[in-house]
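Quick note, the sequences are listed as chains A and B, same order. Just so you know, we're using this note's numbering here: the first sequence kicks off at 115 and counts up by one. Just so you know, we're using this note's numbering here: the second sequence kicks off at 115 and counts up by one. Built from N, CA and C at the ideal position, the CB exists for glycine as well. Predicted model only: the values in this text are computed from it and were never measured. Written below as structure tokens is the structure these notes are about.
Number of protein chains: 2
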Amino acid sequence: MSATDATILLVDDHSVVREGYRSVLQKQPGLRVIAEAADGEEAYRLYKSEAPDLVIMDLSLPGIGGIETVRRIRQWDKAARILVFTMHENAGFAVQAIRAGARGYVTKTSPPETLVRAVKDVLAGKIAISPDIDHELALSRISGETSAADVLTPREFEVLRLLLAENTTEEIAETLHVSPKTVANLHSLIKDKLGVGSDIELVRLALRQGLLTEV
Amino acid sequence: MSATDATILLVDDHSVVREGYRSVLQKQPGLRVIAEAADGEEAYRLYKSEAPDLVIMDLSLPGIGGIETVRRIRQWDKAARILVFTMHENAGFAVQAIRAGARGYVTKTSPPETLVRAVKDVLAGKIAISPDIDHELALSRISGETSAADVLTPREFEVLRLLLAENTTEEIAETLHVSPKTVANLHSLIKDKLGVGSDIELVRLALRQGLLTEV
DNA sequence: GCAAACGTCGTGAAATTTTCCCGGCGTTTG
DNA sequence: CAAACGCCGGGAAAATTTCACGACGTTTGC
Numbered sequence: 115m116s117a118t119d120a121t122i123l124l125v126d127d128h129s130v131v132r133e134g135y136r137s138v139l140q141k142q143p144g145l146r147v148i149a150e151a152a153d154g155e156e157a158y159r160l161y162k163s164e165a166p167d168l169v170i171m172d173l174s175l176p177g178i179g180g181i182e183t184v185r186r187i188r189q190w191d192k193a194a195r196i197l198v199f200t201m202h203e204n205a206g207f208a209v210q211a212i213r214a215g216a217r218g219y220v221t222k223t224s225p226p227e228t229l230v231r232a233v234k235d236v237l238a239g240k241i242a243i244s245p246d247i248d249h250e251l252a253l254s255r256i257s258g259e260t261s262a263a264d265v266l267t268p269r270e271f272e273v274l275r276l277l278l279a280e281n282t283t284e285e286i287a288e289t290l291h292v293s294p295k296t297v298a299n300l301h302s303l304i305k306d307k308l309g310v311g312s313d314i315e316l317v318r319l320a321l322r323q324g325l326l327t328e329v
Numbered sequence: 115m116s117a118t119d120a121t122i123l124l125v126d127d128h129s130v131v132r133e134g135y136r137s138v139l140q141k142q143p144g145l146r147v148i149a150e151a152a153d154g155e156e157a158y159r160l161y162k163s164e165a166p167d168l169v170i171m172d173l174s175l176p177g178i179g180g181i182e183t184v185r186r187i188r189q190w191d192k193a194a195r196i197l198v199f200t201m202h203e204n205a206g207f208a209v210q211a212i213r214a215g216a217r218g219y220v221t222k223t224s225p226p227e228t229l230v231r232a233v234k235d236v237l238a239g240k241i242a243i244s245p246d247i248d249h250e251l252a253l254s255r256i257s258g259e260t261s262a263a264d265v266l267t268p269r270e271f272e273v274l275r276l277l278l279a280e281n282t283t284e285e286i287a288e289t290l291h292v293s294p295k296t297v298a299n300l301h302s303l304i305k306d307k308l309g310v311g312s313d314i315e316l317v318r319l320a321l322r323q324g325l326l327t328e329v
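Below is the structure:
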């Protein structure tokens, strides 16, 4: 354990899973796990006090989610290196995570070597994406599934968010100070733009694209 | 490692997570992990060839899901002891798992001690449920959220399943050989029975109750 | 065994929602 | 400055949802 070891902060709400990370990582020379957190707030606090070289974190965290935690840490330290390690084999999540400031995205289905490889890449300043997500991103390009975040205007996106949050047309109209008619029109337009025929498909598309995390 | 050690089969599609299980379990005397599987088919095959005393498995597995895997193993060996260890803090999943034949349900947020405790309980013939799920089950009783599986008739449940699978009213009518009108009536009746006002709420309720696993 | 209750299927008609087409208004862009 | 675009909503047709109702077979309870 030399003084030049890279220091790591682990963030995952599942203690047994952290045990797994640690077990894999401590077999690698040059890496040292110096702290662990089980939620976003704790991760943020520990980042500030411990200043690790790298954060490995899950996305599904209680309280403020993983994406938001990435954002906060990066806000505090523009140079923070965060590697997202999650179960979501979902291009939508990956895009969101990277846009929020993560430097890598690896799925938990990946073999340990992939994680280790990604850790080293991120420490070396590269952006690391696991092969399955690379593939998913490629597929989503090819299949041409419309990305909600891309084709919708801000207003439409906001309405979509409110719709997914189980609000009625009237409540949304109230919230946005517009007529229910406008909300209904937007609702219809959103489905049209996203190429879905029913609300059920709409919700499922939102799930695929990571717009709906908590149920 | 005595000859009377209890033998364990680990099933989880995340290799790093299996690493965590193993690390926790091997600290316990009397337990021995003899095999690991990454999906349902492999788990079933290994169960038959290795005949472990206990299976610890995740629910989200590629191919045939966890619930189905539980069902198959129990069909092959009525005495199989299966402990579900999953991220889903969801009473609906727990109910389904236990009904499918699992002998325990522990969430991954639980501390390692809880897992160890549950392993021992199941090996001792008890049913082990982690405290958070006990609590959730209690809450769902109190809040009185209608359980789809309970209040819906078989036919209604079937229609709900098809609706969630992104079928249109016409396609479902076709599939069930009834008029689209009947499907529409049932759709309306289902929402009424479940106490939801929109399809969006319907999907979210289905998610909460574990009726919709893959997106 | 028989009536009552329930599940299933469907019709028809009213109420509501969805969809499409439209115009106006302000901002941005080339 | 003109064209494009986002935003807001009215009007009307189209589609869907909802409600009331009846028929039929099965199950349940007395």
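In the DSSP assignment, Phe199 (chain A) forms a beta bridge with A:Val220. Taking 8 Å as the threshold, the shortest C-beta distance from Arg146 (chain B) to chain A does not fall below it.
No Cβ-Cβ contact shorter than 8 Å links Leu123 (chain A) with Gly154 (chain A). Counting along the chain, Glu280 (chain A) sits inside no alpha helix (DSSP H), nor does DSSP assign it H or E at all. With respect to Gly309 (chain B), Gly206 (chain B) sits apart: the two C-beta atoms are not nearer than 8 Å. If you look at Leu145 (chain B), you'll find it in the beta strand (DSSP E) that goes 145–151.
Val236 (chain B): member of the alpha helix (DSSP H) spanning 226–237, first to last residue. Per DSSP, Val130 (chain B) is one residue of the alpha helix (DSSP H) stretching across 129–139. Rounded to the nearest angstrom, the gap between the Cα atoms of Gly311 (chain A) and Val317 (chain B) is 15 Å. Counted as a single uninterrupted DSSP element, the stretch harbouring Ile122 (chain B) is not any alpha helix (DSSP H) but the beta strand (DSSP E) occupying residues 120–125. Per DSSP, Ile247 (chain B) has no beta bridge partner at all. Boundaries of the beta strand (DSSP E) around Leu168 (chain B): 168–171. Under the 8 Å criterion on CB atoms, Thr118 (chain B) is classed as non-interfacial with respect to chain A. At least one beta carbon of chain A lies nearer than 8 Å to the beta carbon of Lys222 (chain B).
Taking a 10 Å sphere around the C-beta of Ser129 (chain B), we find 16 or more other C-beta atoms and assign the residue as buried.
Ala242 (chain B) carries a strand assignment under DSSP once its states are collapsed to helix, strand and coil. Straight through space, the alpha carbons of Tyr158 (chain A) and His202 (chain B) are spaced by roughly 25 Å.
Here the alpha carbon of Arg275 (chain A) sits roughly 26 Å from the alpha carbon of Asp127 (chain A).
Excluding its 5 nearest sequence neighbours in each direction, Leu145 (chain A) has C-beta neighbours in its own chain below 8 Å: Asp119, Ala120, Ile122, Leu139, Val233, listed in chain order. Listed along chain B, the residues sitting closer than 7 Å to Glu280 (chain A) by beta-carbon distance are Ile314, Glu315, Arg318.
Only exposed fits Lys162 (chain A), as fewer than 16 other CB atoms lie within 10 angstroms of its CB. Residues of chain A whose Cβ lies closer than 7 Å to the Cβ of Asp127 (chain B) are, in chain order, Thr223. When Cβ pairs closer than 8 Å are counted between the two stretches, the segment 245–252 of chain B is seen not to touch the segment 274–290 of chain A, the count staying below three.
At least one CB atom of chain A sits nearer than 8 Å to the CB of Met201 (chain B). Of the residues B:Ala216, B:Lys307, B:Arg269, B:Ala320, the one whose Cα lies closest to the Cα of Thr296 (chain B) is B:Arg269. The Cβ of Pro245 (chain A) sits no closer than 8 Å to any Cβ of chain B. In its chain, beyond the 5 residues on either side, Leu276, Val297 have a beta carbon closer than 6 Å to the beta carbon of Ile286 (chain A). When C-alpha distances from Arg136 (chain B) are compared across B:Val230, B:Leu266, B:Ala252, the shortest belongs to B:Val230. 8 Å or more divides the Cβ of Leu173 (chain A) from the Cβ of Ala242 (chain A). The beta carbons of Leu266 (chain B) and Lys307 (chain B) sit closer together than 8 Å. The beta-carbon distance between Arg185 (chain A) and Ala151 (chain A), rounded to whole angstroms, is 16 Å. This is too long to meet the 8 Å contact definition.
Remark: C-beta atoms of Val131 (chain A) and Lys222 (chain B) approach each other more closely than 8 Å. At a C-beta separation below 7 Å, Val131 (chain B) has these neighbours in chain A: Val131, Gly134, Lys222. The C-beta of Thr228 (chain B) has 16 or more other C-beta atoms within 10 Å across all chains shown, which makes the residue buried. By the CB criterion at 8 Å, Val125 (chain B) and Ile170 (chain B) fall inside the cutoff. In the displayed model, Pro294 (chain B) falls within a helix according to three-state DSSP.
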